[in-house]
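The listed protein sequences correspond, in order, to chains A and B.
Take the first sequence: its position 143, counted from the start at 1, is 143 in the working numbering, and no numbers get skipped.
Remember, the working numbering sits 154 above the position in the second sequence when you count from 1.
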Amino acid sequence: MTLITQAPVLDALEARFPGSLEVVPAVDQPTVKAPKEMLLALMDFAKQSLGMSLLVDVTAVDWFPARPRFELVYHLLNPDTMERVRVKSWCHLNEEMPSVMGIWPGADWPERETYDLFGVVFSGRGEVHRIYMPEDWEGHPLRKDYPVAGPRVD
Amino acid sequence: MAQGVKTDDLFETGLHSSLSRESMVLNLGPQHPATHGVLRVRLTLDGETVLHAEPVIGYLHTGFEKTAETHTYQQANTLTDRMDYLSPLTNNLAYVLAVEKLMGIEVPKRAQYIRVLFSELSRLGSHLVWLGTHVMDLGAMSVLFYCLRERELILDLIEQTAGVRMNPSYFRVGGLAYDLPEGFHENCQRFLDGFPKWMQSYKNLVQGNPLIEDRLKGVGRLSKEDALALSATGPILRASGVPMDLRKSDPYCFYDEFEFDVPVRTGGDSFDRFWVRMEEMEQSVRIMNQALAKIDPVGAYTTTDRKVSLPPREEIYGNMEALIHQFKLVSGGFNVPKGEVYQGVEGPKGEMGFYIVSDGGARPYRWRARTPSFYNLQTMPTMTRGGLVADVIVAIGTIDIVLGDVDK
Chain A
1 MTLITQAPVL
11 DALEARFPGS
21 LEVVPAVDQP
31 TVKAPKEMLL
41 ALMDFAKQSL
51 GMSLLVDVTA
61 VDWFPARPRF
71 ELVYHLLNPD
81 TMERVRVKSW
91 CHLNEEMPSV
101 MGIWPGADWP
111 ERETYDLFGV
121 VFSGRGEVHR
131 IYMPEDWEGH
141 PLRKDYPVAG
151 PRVD
Chain B
155 MAQGVKTDDL
165 FETGLHSSLS
175 RESMVLNLGP
185 QHPATHGVLR
195 VRLTLDGETV
205 LHAEPVIGYL
215 HTGFEKTAET
225 HTYQQANTLT
235 DRMDYLSPLT
245 NNLAYVLAVE
255 KLMGIEVPKR
265 AQYIRVLFSE
275 LSRLGSHLVW
285 LGTHVMDLGA
295 MSVLFYCLRE
305 RELILDLIEQ
315 TAGVRMNPSY
325 FRVGGLAYDL
335 PEGFHENCQR
345 FLDGFPKWMQ
355 SYKNLVQGNP
365 LIEDRLKGVG
375 RLSKEDALAL
385 SATGPILRAS
395 GVPMDLRKSD
405 PYCFYDEFEF
415 DVPVRTGGDS
425 FDRFWVRMEE
435 MEQSVRIMNQ
445 ALAKIDPVGA
455 YTTTDRKVSL
465 PPREEIYGNM
475 EALIHQFKLV
485 SGGFNVPKGE
495 VYQGVEGPKG
505 EMGFYIVSDG
515 GARPYRWRAR
525 TPSFYNLQTM
535 PTMTRGGLVA
545 DVIVAIGTID
555 IVLGDVDK
């Protein structure tokens, strides 16, 4: 199976942010990993200069007990050329991620979902509310240390 | 009203003095027939004008993503049916294509054509339910009866093939669950031949009908920029002027071998979305006619890669190793190489995508469904701002949500 390690999108990103991105080989689309400090600059560049005007998805992966614990995954798409890129970043438990809502307002709900199910808090936007679970719910269900079955009721 | 009293005075003195002119908050749903399930919309109103419509979701949250982490890859397929239950097979398709891509499995061409055929059947069924319910929301009752009548024929075809009407899980990693049944080609062709006539009858009911046109034209307008910024996909994006259809622009399952058009409109209002979907139904039939002609009556329907596909029945009955292999595959599943993959397909409602992270085991480490209704519903506040309460009902219908898909 061939892994994608080279693409025009990756070249453009490398040229703009030399030495600070890590290209992750993937089977489906170009993938880069960037520290969260430069996430907003990278996303803004992707939208303005690379035409990635559609934010396809925002989600997270919990790598408990590894550190940093959460990996944030953004899927971007250029609707004119159909080029895709996956941007990954990471944060520790109780750390905040910068919100990309200022770049794509459509990040609103998926960020709320990520907060609700993983407990990753996003900064730079209004208060993040839960979206699926009730407001008074305790815990974040998609975390790996959250039980699959419910608590025992005796 | 008392003689000689101006309306404005009523707020200051007398009968209405307790009324304030502040905006009013009204809950629409979650139990309301026009919300197509358990959607609740928190409306902030100034009289009849909508200042803000905020969808409140989660009433049907099922935790599919969490559940899938405890299932084998083949078992998790059954969860995808239950998200957008009106179009289960396009959900299946996105999922199995994602896993196949990660594993590098080649699926026989005949199976891919059958997948195309059933995806389009699903799309047609989903659009028929949309048409019927949307028009019923607008006040025309009879269209729904005809739409459901034809959808029943689609469900019959699915039942013949997969054994069940809803949630068929017919596509499996590696191919299909079963081969086509005897007489399928004739039955399907009869349906396809009949459809243009039925389509014409829906058009006769809605085309030029003031009930439909006046309620849709200019209502729920969504600009191209807003649609893109809010991550809308599918018919909503295409009605706002972005010609993005993954079947055409990012083909999978040999869609590039089929001749069809992608209906695009530029107005971005409910009327345009209505006709984009109507035209899509005709294109679906076009694709299905070509697919049916391409499908050989006999041939491979699943990969021969024994890593994922079950041994044939006759082998299981006569060969101990085959029996053990079948048992292991069914009970333990197969391992998927470490890595991650995203695959999107054009569902009837938009881009249905799966992002799967494997740690090399037999169960997904992370199983993420990018469901189109969830993202599309985000456009509702923009669509309805400044409109009337009645337009909110139109917006719900025109976004074409399935709450199982929104809440997953």
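Beta carbons: idealized from backbone N, C-alpha and C, even for Gly.
What residues from chain A crowd round B/Pro404, counting only those whose CB sits closer than 7 angstroms? In the sequence under discussion, the amino acid at residue 404 of chain B is Asp, which differs from the Pro named in the question. Those within 7 angstroms of B/Asp404 in chain A are Met82.
Return the chain-ordered list of same chain residues with a C-beta closer than 8 angstroms to the C-beta of B/Leu282, the five sequence neighbours on each side being excluded. Cys301, Leu302, Glu304, Arg305, Ile308 and Met435
Compute the Euclidean distance between the alpha carbons of B/Lys378 and A/Leu55, then round it to the nearest angstrom. Cα to Cα, the separation comes out at about 14 angstroms.
Could you run through the stretch 101-125 of chain A and flag, in chain order, every residue whose CB is less than 7 angstroms away from some CB of chain B? Trp104, Pro105, Gly106, Asp108 and Trp109
Please identify the residue among B/Gly348, B/Ser355 and B/Thr232 whose C-alpha is closest to the C-alpha of B/Val327. B/Thr232
Measuring CB to CB, does B/Val462 end up less than 8 angstroms from B/Phe488? yes
Applying the 10 Å Cβ sphere with the 16-neighbour rule, what's the burial state of A/Asp136? exposed
Separation of B/Thr538 from A/Ile131, as counted between CA atoms: 21 angstroms
For A/Pro141, return the contacting residues in chain B, with the cut-off set at a CB-CB distance below 8 angstroms. Gly217 and Lys220
The beta strand (DSSP E) enclosing A/Trp90, as first and last residue numbers: Arg84 to Cys91
Contact the stretch 483-500 of chain B vs the stretch 34-43 of chain A: 3+ CB pairs below 8 angstroms: no
The stretch 382-413 of chain B: positions lying closer than 9 angstroms to chain A by Cβ: Residues of the stretch 382-413 of chain B whose Cβ lies closer than 9 angstroms to any Cβ of chain A, in chain order: Leu382, Ala383, Leu384, Ser385, Ala386, Thr387, Leu391, Val396, Pro397, Met398, Leu400, Ser403 and Asp404.
In this structure, does DSSP put A/His129 in helix, strand or coil? coil
Considering only the alpha carbon of each residue, which of A/Val87, A/Cys91 and A/Ala149 lies closest to A/Ala163? Limits of chain A in this structure are 1 at one end and 154 at the other, which puts residue 163 of chain A out of reach.
Taking three-plus beta-carbon pairs below 8 angstroms as touching, is the stretch 397-405 of chain B in contact with the stretch 413-426 of chain B? Taking one beta carbon from each stretch, the stretch 397-405 of chain B and the stretch 413-426 of chain B have 3 or more pairs nearer than 8 angstroms; the two touch.
Distance cutoff 8 angstroms, beta carbons only. Does B/Glu254 sit that close to anything in chain D? Of the chains in the structure shown, none is chain D; the protein chains are A and B.
If you follow the alpha helix (DSSP H) that A/Trp109 is in, where does it begin and where does it stop? Asp108 to Phe118
To the nearest angstrom, report how far apart B/Arg194 and A/His140 are at their CA atoms. 23 angstroms
Should A/Thr5 be flagged as near chain B, meaning a C-beta pair shorter than 8 angstroms? No - not a single Cβ of chain B is within 8 angstroms of the one on A/Thr5.
First and last residue of the uninterrupted beta strand (DSSP E) at A/Ser123: Val121 to Ser123
In angstroms with no decimal places, state the Cα-to-Cα distance between B/Leu247 and B/Tyr239. 14 angstroms
Taking a Cβ distance cut-off of 7 angstroms, strictly less, list which residues of the stretch 48-67 of chain A are near chain B, in chain order. Ser53, Leu54, Leu55, Val56, Asp57, Thr59 and Val61
Contacting residues, own chain, Cβ-Cβ under 8 angstroms from B/Ser296 (five flanking each side not counted): Sequence-distant Cβ neighbours of B/Ser296 in its own chain, meaning closer than 8 angstroms and more than five residues away, are Leu359.
Are any of the Cβ atoms in chain A nearer than 8 angstroms to that of B/Gln532? yes
Give the single residue among A/Gly124, A/Val128, A/Met133 and A/Gly119 whose Cα lies nearest to the Cα of A/Lys144. A/Gly119
If you draw a straight line from the C-alpha of A/Ala156 to the C-alpha of B/Ala445, how long is it? Lying before the first or after the last residue shown, residue 156 of chain A is absent from chain A, which here runs from 1 to 154.
B/Ser566 (DSSP reduced to helix, strand or coil): Within the shown structure, residues of chain B are numbered from 155 to 562, placing residue 566 of chain B beyond reach of any answer.
B/Ile553: contacting residues in chain A (beta-carbon distance under 7 angstroms): The contacting residues do not exist; B/Ile553 stays about 13 angstroms from chain A at best.
Taking C-beta to C-beta, are A/Asp80 and A/Gly102 nearer than 8 angstroms? no
Measuring straight from C-alpha to C-alpha, what distance separates B/Gly201 and B/Gly551? Cα-Cα distance, rounded: 23 angstroms.
For B/Leu398, count neighbouring Cβ atoms within 10 angstroms of its own Cβ and tell me buried if that reaches 16, exposed if not. Note that residue 398 of chain B is Met in the sequence shown here, rather than Leu. Buried is the call here.
Roughly how many angstroms separate the alpha carbons of B/Phe272 and B/Ile553, rounded to a whole number? Going from the Cα of B/Phe272 to the Cα of B/Ile553 covers about 23 angstroms.
Please tell me whether A/Tyr74 has its Cβ less than 8 angstroms away from any Cβ of chain B. no
Counting pairs of beta carbons, one from the stretch 339-359 of chain B and one from the stretch 455-475 of chain B, are three or more of them closer than 8 angstroms? no
Rounded to a whole number of angstroms, what is the C-alpha to C-alpha distance between A/Glu96 and A/Pro35? 13 angstroms
Nearest-angstrom Cα separation, counted from B/Leu542 out to B/Glu176: Rounded to the nearest whole angstrom, the CA to CA distance from B/Glu176 to B/Leu542 is 17 angstroms.
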